[in-house]
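Working notes for the structure below.
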Amino acid sequence: MNTPVTASTLYNYVQCPHRVQLDFFGDPSQKDRISAFVQLLWERGNAFERETMEKLDVPFADLRSFEPPEKEYRTLRLMQQGEKIIDGGRIRTDTLLGEPDLLVRKGSGYVAGDIKSGAAIEGVDDETDGKLKKHYAIQLALYTDILSQLGLLSPDQLPFIWDVHGQEVDYDLEASAAKRDGRSLWNYYEDCLKTVLRIQKRDEQTLPALCSVCKLCHWRSHCRARLNRDDDLTLIPELGRAKRDALSPFFKTVRDLARSDLSGVVKGQKTSFPRISAKTIRRFQARARLLATSGARPYFTEAIVFPDADREIFFDVETDPMRDCCYLHGFLERDKSNPNREKYYAFFADEPNEEQERKAFEQALDYLKSRRPCVVYYYSHYEKTTLRKLQKRFPDIASEAEIQRLFSPTSAMDLYTDVVRKKTEWPTHDYSIKTSATYLGFKWRDKEPSGAATIEWYHRWVETGDIRLRQRIMDYHEDDCIAMRVLLDGLRDLAR
Ligand code: SF4
103 MNTPVTASTL YNYVQCPHRV QLDFFGDPSQ KDRISAFVQL LWERGNAFER
153 ETMEKLDVPF ADLRSFEPPE KEYRTLRLMQ QGEKIIDGGR IRTDTLLGEP
203 DLLVRKGSGY VAGDIKSGAA IEGVDDETDG KLKKHYAIQL ALYTDILSQL
253 GLLSPDQLPF IWDVHGQEVD YDLEASAAKR DGRSLWNYYE DCLKTVLRIQ
303 KRDEQTLPAL CSVCKLCHWR SHCRARLNRD DDLTLIPELG RAKRDALSPF
353 FKTVRDLARS DLSGVVKGQK TSFPRISAKT IRRFQARARL LATSGARPYF
403 TEAIVFPDAD REIFFDVETD PMRDCCYLHG FLERDKSNPN REKYYAFFAD
453 EPNEEQERKA FEQALDYLKS RRPCVVYYYS HYEKTTLRKL QKRFPDIASE
503 AEIQRLFSPT SAMDLYTDVV RKKTEWPTHD YSIKTSATYL GFKWRDKEPS
553 GAATIEWYHR WVETGDIRLR QRIMDYHEDD CIAMRVLLDG LRDLAR
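Take 103 as the starting number for the sequence shown in our numbering and just add one per residue.
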């Protein structure tokens, strides 16, 4: 009998179809060890579920401690007896297996719900109310499907998420999944399930594709070796799986694309490939050529003028997304009068609470004000978004206009969005600061530098008070700021 499809299988499929194939058929000895950050996510998710259930002031049946077969048996029995709330149940059909956090009796049947340590809705801002998360919806759809097949589904009632803000959010699976084709979340679930079942029957073969989720995936080394061996097109920055699949009938490898004559596929502004313009394919070809040419150097595609300032500041923040807290603002400062001397300033929230977060934010803004006039460099819009969020949280510390001024083009520059991505090409596989600064010869002091790792270090620092962890975060963060300075100097050299 085949392994049943679970909510995790579907979640993984949404992240990367190849992950599903490897999880079904890959050699387990080739898996990388699970990163400390991923383990922390699991632990935090479980702890959040427990805390939520402990706070519940209505009775419920708790099945979490039972072994799977016993759990399954008890879940069915409790549902047949009409139990109001079942925590940690297990339901299945021949092909599907679900372990919803909650099964709740509503009307004549049951609905499933999950407890999530994230927000139930994504993309909420001043202009929009946000939308339901597809990867949550697909898991709820699986539970709903099983309940329906078991004849235990409550008609006209919606599955739900209890989220990190303590809200119960109904997930209407008939809601639209994508504006483009008007298909519903339920249709999306059916499509995903169909493909997963085809992968499981080996009726469909998948390929790895270099993407951001690879960093946290346990098949990363295995896939990376294969991508390099195959000279896969997804090694080209920002090309991705969908474009690779569209291009693959014509170009199989980076080298193929690098040396091809595009006139056969380019027609005016368009190409033979859906949603790939002539401009885009030429840009990817330029990147392919850089990757395929040994010793190739990065270059500017447009002229650029860097601000001329007596004082330059390289700014970076660190946040703990699980606690929704910005715990570190760091600045590397360099003066034109003495460019070989630079100094790092950091404002750190020792505890992830409102008071400490507020203090660090206030100190950071005071520091910036005291350094004017200066030019602030940062890498990606994340710093701007974080300060805007902090301003909303602590409006008495700074006004919206002040934050706006801080990032005005006359006094600040986003090296990622406005320079690296927009105006340069690099012989690298992505445009992260780690990759660009490493290319320019910079080395982080830490052996495993990554933003995800710092979240785990901060978590352990809060739990243990181990000063070495605090120092590790500081060193890593200072290096991130220095990396930005290395990048700016490298870009200036290139511009010359
Ligand atoms: S490493 Fe990347 S391509 Fe490979 S299975 Fe994981 S997410 Fe997919």
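Even for Gly, the Cβ is constructed at its ideal location relative to N, Cα and C.
- A direct Cα-Cα distance of roughly 11 angstroms separates Leu242 from Ser110.
- Sixteen is the threshold: when 16 or more other Cβ atoms of the shown chains lie within 10 Å of the Cβ of Leu470, as they do, the residue is buried.
- If you check the CB distance, Gly200 and Ile248 come in under 8 angstroms.
- In the structure shown, Ser278 adopts extended strand secondary structure according to DSSP, grouped into three states.
- Contact annotation: Phe509 and Lys486 have beta-carbon atoms nearer than 8 angstroms.
- Under DSSP, Arg194 takes part in a beta bridge, and its partners are Leu199.
- If you compare the alpha carbons of Leu542, Asp520, Thr519 with that of Thr530, the shortest gap goes to Leu542.
- Here the alpha carbon of Tyr238 sits roughly 50 angstroms from the alpha carbon of Pro441.
- Ile188 sits close to Leu204, with the two beta carbons spaced by under 8 angstroms.
- Pairing Arg474 with Glu435 gives a Cβ-Cβ distance that is not under 8 angstroms.
- Membership of Lys494 in the alpha helix (DSSP H) is indicated by the continuous run 484 to 495.
- Under the three-state reduction of DSSP, Lys549 is assigned to coil, being neither helix nor strand.
- Counting only beta-carbon distances shorter than 5 angstroms to the non-hydrogen atoms of the ligand SF4, the qualifying residues in chain order are Cys118, His120, Arg121, Pro310, Val315, Cys316, Cys319, Trp321, Arg322, Cys325.
- Short of 8 angstroms from the beta carbon of Pro339, and not among the five residues preceding or following it, lie these beta carbons of its own chain, in chain order: Arg389, Trp528, Thr530, His531, Asp532, Tyr533.
- Following the DSSP letters along the chain, one finds Lys186 in no beta strand (DSSP E), marked with neither H nor E.
- If you ignore the 5 residues before and after Arg574, its C-beta comes within less than 6 angstroms of the C-beta of Trp559, all in its own chain and listed in chain order.
- A contact between stretches requires three or more CB pairs, one per stretch, nearer than 8 angstroms, and the segment 286 to 306 fails this requirement with the segment 250 to 261.
- According to the DSSP assignment, Asp516 belongs to the beta strand (DSSP E) that extends over 514 to 516.
- A residue is called buried when at least 16 other Cβ atoms come within 10 angstroms of its Cβ; Thr336 meets this threshold and is buried.
- Here the C-alpha atom of Tyr113 lies approximately 46 angstroms from the C-alpha atom of Cys476.
- If you compare the alpha carbons of Arg587, Gln123, Pro119, Tyr115 with that of Tyr480, the shortest gap goes to Arg587.
- For Ser286, the pairing in a beta bridge is given by DSSP as Ser278.
- When the five nearest sequence neighbours on each side are left out, the beta carbons in the same chain lying within less than 8 angstroms of the beta carbon of Asp258 are those of Gly209, in order along the chain.
- Closest by C-alpha distance to Arg146, out of Glu565, Asp591, Lys461, Asp468, is Glu565.
- DSSP places Cys428 outside any alpha helix (DSSP H); the residue lies instead in the beta strand (DSSP E), whose first and last residues are 427 to 437.
- Using a 10 angstroms sphere on the CB of Gly370, the tally of other CB atoms stays under 16, which defines it as exposed.
- For Thr403, the three-state secondary structure derived from DSSP is coil.
- The segment 578 to 586 makes no contact with the segment 392 to 406: fewer than 3 CB pairs, one atom from each, lie closer than 8 angstroms.
- Closest by C-alpha distance to Arg570, out of Asp548, Arg343, Ala554, Asp591, is Asp548.
- The C-alpha of Leu255 is placed about 5 angstroms away from the C-alpha of Gly211.
- Distance check between Glu453 and each of His483, Lys438, Asp422 places Asp422 closest, using alpha-carbon atoms only.
- Put simply, the segment 127 to 137 touches the segment 320 to 334. At least three CB pairs are less than 8 angstroms apart.
- Taken through DSSP and simplified to helix, strand or coil, Ala500 comes out as coil.
- Closest by C-alpha distance to Gly220, out of Ile263, Cys294, Ala448, Pro171, is Ile263.
- Sequence-distant Cβ neighbours of Thr556 in its own chain, meaning closer than 7 angstroms and more than five residues away, are Glu420, Ile575, Tyr578.
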